[in-house]
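These protein sequences, in sequence, are chains A and B. The first sequence lines up with residues 724 to 1361 when you count with the numbering used here. The second sequence lines up with residues 724 to 1361 when you count with the numbering used here.
Number of protein chains: 2
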Amino acid sequence: MKLNPGLRRFIPTRIELKSPVPADIEIAQEATLKPITQVAEEMGLLPEELELYGDYKAKVKLDVLERLADVPDGKYIDVTAITPTPLGEGKTTTTVGLSQAMGAHLGRSVITCIRQPSQGPTFGIKGGAAGGGYSQVIPMEDFNLHLTGDIHAITAANNLLSAAIDTRMFHESTQSDTGLFNRLCPKDKKGKRSFARGMIGRLEKMGVTERDPDLLTDEQKAKFARLDIDPDTVTWRRCVDVNDRMLRGITVGQGSAEQFELHTNYYISVASELMAILALATSLEDMHERIARIVIGQSRAGEPVTADDLGIAGALTVLMKDTIKPNLMQTLEGTPVFVHAGPFANIAHGNSSIMADKIALKLADFVITESGFGADMGMEKFFDIKCRYSGNLPDVVVLVATVRALKMHGGGPKVTAGAPLAAEYVNENLELVEKGADNMLAHASIAQKFGIPVVVAVNRFPTDSDAELELVRKIALQHEGIVDAVVADHFSQGGAGAVELAEAVVKASELPSHFKFLYPLEMSLKDKIETIACEIYGAGGVDYSPIAEQRLERYEQLGYGNLPICMAKTHLSISHDPELKGVPKGFRIPIRDVSASVGAGFVYPILGTMSTMPGLPTRPGYYDIGIDFETGKILGLN
Amino acid sequence: MKLNPGLRRFIPTRIELKSPVPADIEIAQEATLKPITQVAEEMGLLPEELELYGDYKAKVKLDVLERLADVPDGKYIDVTAITPTPLGEGKTTTTVGLSQAMGAHLGRSVITCIRQPSQGPTFGIKGGAAGGGYSQVIPMEDFNLHLTGDIHAITAANNLLSAAIDTRMFHESTQSDTGLFNRLCPKDKKGKRSFARGMIGRLEKMGVTERDPDLLTDEQKAKFARLDIDPDTVTWRRCVDVNDRMLRGITVGQGSAEQFELHTNYYISVASELMAILALATSLEDMHERIARIVIGQSRAGEPVTADDLGIAGALTVLMKDTIKPNLMQTLEGTPVFVHAGPFANIAHGNSSIMADKIALKLADFVITESGFGADMGMEKFFDIKCRYSGNLPDVVVLVATVRALKMHGGGPKVTAGAPLAAEYVNENLELVEKGADNMLAHASIAQKFGIPVVVAVNRFPTDSDAELELVRKIALQHEGIVDAVVADHFSQGGAGAVELAEAVVKASELPSHFKFLYPLEMSLKDKIETIACEIYGAGGVDYSPIAEQRLERYEQLGYGNLPICMAKTHLSISHDPELKGVPKGFRIPIRDVSASVGAGFVYPILGTMSTMPGLPTRPGYYDIGIDFETGKILGLN
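Below, the structure is given as structure tokens:
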């Protein structure tokens, strides 16, 4: 076991369990918080490696990786799930509960790594994302609100790039090549022109080695100064971390002094490529390089135009420099948690950051990290994109299953958020469970394909019968890729409810892992897409739209063929069609369109329509939110 | 003298002066920083009153005001300026230098209060706002970038309100009164409807005392549920803290599922009414009340629609709850600085926060606070708006003058940012100085009108001759409102260069102050406007456009007549016309339009066109900005 280099031994925070389980916010607000300095010390961080943000959250400096460079990594556990109902199956809750069990009950050194949620849903459809019941990350207000400002920094950087793109088109539309060049490289007091730091990237791309602006040829000057962006090809979008449906389609440039209008739209901030870059960066310098490579669109000649061509990569990195440091918080039972990055799962890879996992692996014996949605979605991307870029290899997969979701897969009535559950879900129904269990086994097989042992965590709900839970366990144990299956009740019991699960995970982590990627990067983009479609989703084949065909060909020409694939797909089915429950077969995957996040480093085929901007319902969650001025407590953040 | 309740005596940070003065960023990055915990302790804050944001900045909790409720306030010094050139006359630099002199050289207990700058200009036209030379606030990177995220929180809250307004119109356009009401107050599991916390404000406004939704009359239900916002009257705007000119005129709602389009525009975030509210709030509860009162537009029946009608005031307050705590930083010589709020001076009052000043007045013997632009602009608003809401009365006005600006007022050639200065500004020219000195005296007379003694600070530039500086001083001393006039050289000497100025300010603060407001709130809006126009600007009268006439009448009807006036006027002239330098006479002030920031608490007449969204030049400052990955230093943030 890794020695804890901390000055203090880990002291679990005691929780008092109530029954029935109170509201999440009530539990969170009554919880005892350790000072974050104590959490940090207990996990072996030095005081100078922390940047405090108040008393209960801190950023961890990347220097720690240098100090611990020679320490072997801990075990790397990914928590994923079966195909969920629209209500979610408690994956974050299980991730947190499992950590509480390991740290506060088994005395293991453990760190949890999860994503920061977008503020959009927090104020839209009621529901925080800090776990639930007696398995939560606290303080939940900070978790669900600004945290340390990472998403705000991404929004600021994203929108600075948008302004830079459009304003550059504006200035190019009103100025000659010479005028542009002379303004870009103005004379100083001594009449001398020079290139700014941010201009070197474009010069290098042009193959110009001359660094005296006056010595460039006229042709070079013109090429340097005129990006000649084709407005119809610009794929970079402004963003805001608010559910603002009116921004799904907009026209900008209607001020009286503008030269042209542009039709565009906003993304929610977490869908920004910058968020995916934050999650995938392996150092500040790597983040800068990825930002520089971002392709915002094409020139009229069809060449990709990058952030570096705009001379803005350095400034965007400066705006995002603090985001790369993972945010440290704690669970209800006092174990450490990194909350870091939160790429929108539908058009990005949906996993928390490489940096948080890397630091955690040096500090703890067990790192419990969560991947987005099911094994077909976040887990596949976790392996093929995140682990590939990080070089960190996973040891165990925890597959969260619920009786409720299996019943749905077995043919139970439609489950809709906000509507009451049908009787099938509230009363015992072994037949539906049994019929639906195939979905769980299919997800286990996906993990098995990567060579990783699977532990099934059956997340207990109050309406589940013992017979139902036992049936899930029994079926799971018959699958050869599943090394154990355990019922866990961390929602109502905290870590104590997941001790058996934690023991199973520890045991599984001692098994040999034979990890392999699903595909080599050298495969063509189409072959990679088809491998995922057939081997992971179980499709019979793939159909490409003409635009998808065309883009894939172009991406291969441009040298993006070696990037991994990030499928933009529904999470509500293993297939592309959210209506197909269980384990669909015989379907073909339609690729409607394809895009590339060249900076983040993946190509994403789009299956169906992906909303990148949620809306607000008639009665948004914000109606409930407020402050009790007598106690200072925040109300209504559930 | 107030006793310093701190555990530690103040230890000035020693600075080593170089000549010629290096670039601001170079001085800032070579500076010695005290841990902010030490700065806090030296100023008498308790550890539990701090929320650290890293090692060198912290938020100060408002609890300190309760602890020190019985301590008498320190002296309250406002720093203002004569009418500046477009280059600025070093008001922030003087504010900082004066503080360094008082604290590090005279051993006085002093706190500086200044505004947080917008990130827009930082990446647009090169230029930070942390002071300059050897009078700066550090770390300048934090100062110029996110600081503690206050502006980001404002942006988030502002845009949540925008989404709430538009989405409410969307839902109202597709649903019946009954449908709306039933969705706003849905049945719970027991079939019972209830009003959310955020709905009580609207019920109270309607005069409905019933709190059981089912017992409202149909008419009440309809009125409650349908705000019936007239889209053409919505004045609330989305915002972004980026110079994005394409957002000066936009159309939203062009997504395929929307019901209507809206023509609108973005403000830069610091122009948001929420920023003005942050600056004027006197407690968290007061902030909530001001937010609730925000008028976003009118119903089709012509009634004002407020944030409270939308049920969102609590949520916006939660988003902004941390912004109200002032941000503590330090000067190059280790004296404490509050950096807090930064309302856009052109459509708001342009002063830093009431909260920072209030806390500072309890902690220090001298509080040096800066007001925006000249005495006609920020100082008048400081007195008539900020001091009126805070109840804190000022003791001394420091009026910053420069030889350069006086020469411009005396008839010197036009001064343009970015272009080299004309010979008149670089060589001695006593005639121009003498001719232009009237502008300084006019500003002094404005301060005198409020009953406050004035100390003139002649901010020395390297090109100024001793004779020019002495002439300014001599002319100033002949004015009866000016109690002293001192040449200061804090830019190149730090606090040592402003010791004489500091002594003059200490002396002036011992004089009796006979502060009085310019106008009583009971005056009509028009009388207040005319009082400012004639008594402060020296106008012959005021001309109202028809729309301004109409709005003023309506505001009186709506009960906004008692609000103070916040003139939206150019800062480049005492008049409304930036071309009129010196002390213009015989002009009439044209009021083009009038708006009301009912939440913040002022009516703002608009003189000329006010840009609320700057643009980026062809070569923006971001080209220079980057990180040196070897040293970790930020480059190019000047």
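Every residue gets a Cβ at the ideal spot worked out from N, C-alpha and C, and that includes glycine.
Assuming residue i is part of the alpha helix (DSSP H), what are its boundary residues?
i, result
"B/H986", "Counting along the chain, B/H986 falls outside any alpha helix (DSSP H), though it belongs to the beta strand (DSSP E) covering L985 to T987."
"B/M1078", "I1077 to L1086"
"B/V1222", "V1222 to S1232"
"A/T806", "Note, A/T806: premise wrong, no alpha helix (DSSP H); not H, not E."
"A/T818", "K814 to Q823"
"A/T1029", "First-last for A/T1029: P1027 to T1029, but that is the beta strand (DSSP E), not the alpha helix (DSSP H)."
Taking DSSP as the reference, what is the three-state secondary structure of residue i?
i, result
"A/C1110", "helix"
"A/S1318", "strand"
"A/C962", "strand"
"B/Q859", "strand"
"A/P1059", "strand"
"B/R1372", "The requested residue 1372 of chain B is not part of the displayed model; chain B covers only 724 to 1361."
"A/E1302", "coil"
"A/K1044", "coil"
"A/D796", "coil"
"B/N1074", "strand"
"A/S1022", "strand"
"B/I1091", "strand"
"B/M1052", "strand"
"A/L773", "strand"
"A/P844", "helix"
"B/I1328", "Ile is not the amino acid found at residue 1328 of chain B; the sequence shown has Pro there. Strand at B/P1328."
"A/G1349", "strand"
I need the straight-line Cα distance from residue i to residue j, nearest angstrom please.
i, j, result
"A/V1121", "A/S1094", "10 Å"
"A/K1137", "B/L769", "57 Å"
"A/A804", "A/L970", "32 Å"
"B/D1347", "B/G1034", "45 Å"
"A/G729", "A/V1210", "With a pLDDT of only 47 at A/G729, under 50, the local geometry of the prediction cannot be trusted, and the value read off the model is given with reservation. Their backbone Cα atoms lie some 34 Å apart in a straight line."
"A/L1360", "A/I748", "7 Å"
"B/P1328", "B/I1252", "8 Å"
"A/I1169", "A/V1156", "20 Å"
"A/S1232", "A/D1118", "6 Å"
"A/I1047", "A/A1004", "8 Å"
"A/L829", "A/A1221", "10 Å"
"B/H1202", "B/L1164", "7 Å"
"A/G1174", "A/R1127", "28 Å"
"A/A1024", "B/A999", "47 Å"
"B/G1355", "A/A1002", "21 Å"
"A/H986", "A/E1272", "25 Å"
Under the criterion of a Cβ to heavy atom distance below 7 Å, does residue i qualify as lining the ligand SAM?
i, result
"A/A1221", "This structure does not include the ligand SAM; it has no bound ligands of any sort."
Which residue marks the beginning of the beta strand (DSSP E) containing residue i, and which one marks its end?
i, result
"A/F947", "Not the beta strand (DSSP E): A/F947 falls in the alpha helix (DSSP H), residues D941 to A948."
"B/A751", "No beta strand (DSSP E) holds B/A751; the alpha helix (DSSP H) holding it covers D747 to E753."
"B/S782", "For clarity, residue 782 of chain B is Lys in the given sequence; the question names Ser instead. Run containing B/K782: A781 to V783, per the beta strand (DSSP E) assignment."
"B/A827", "No beta strand (DSSP E) contains B/A827, which DSSP labels as neither H nor E."
(request) Compile a chain-ordered list of the residues in the region 1318-1347 of chain B whose CB is closer than 9 Å to at least one CB of chain A. (result) M1336, G1338, L1339, P1340, T1341, R1342, P1343, G1344, Y1345, Y1346 and D1347
(request) Residues of the region 937-959 of chain B with a CB closer than 7 Å to any CB of chain A: list them in chain order, please. (result) none
(request) Mind checking the region 837-867 of chain A against chain B and listing, in chain order, the residues whose C-beta falls within less than 7 Å of any C-beta there? (result) Under the 7 Å Cβ criterion, the region 837-867 of chain A contributes Q842 and F846.
(request) Entirely within the region 1128-1208 of chain A and at least 4 residues each: give me those alpha helix (DSSP H) ranges in chain order. (result) 1146-1149, 1153-1172 and 1189-1200
(message) To be precise: take each residue of the region 743-777 of chain A, compare its Cβ to all Cβ atoms of chain B, and keep it if any distance is under 8 Å. Which residues remain?
(response) If the cut-off is 8 Å between Cβ atoms, the region 743-777 of chain A has E774, L775, Y776 and G777 near chain B.
(message) Give the list of continuous beta strand (DSSP E) stretches no shorter than 3 residues that lie fully inside the region 1254-1312 of chain B.
(response) Qualifying beta strand (DSSP E) stretches, in chain order: 1264-1267.
(request) With 9 Å as the C-beta to C-beta threshold (strictly closer), list the residues of the region 1022-1044 of chain B near chain A in chain order. (result) L1033, G1034, I1035, A1036, G1037, A1038, L1039, T1040, V1041, L1042 and K1044
(message) So if I threshold CB-CB distances at 8 Å, which residues from the region 962-979 of chain A count as touching chain B?
(response) V963, D964, V965, N966, D967, R968, M969, L970, R971, G972, I973, T974, V975, G976, Q977, G978 and S979
(request) Taking only beta carbons into account, state which residues of the region 988-1002 of chain A come closer than 8 Å to chain B, listed in chain order. (result) N988
(message) Any C-beta of chain B within less than 7 Å: which residues of the region 809-827 of chain A qualify?
(response) none
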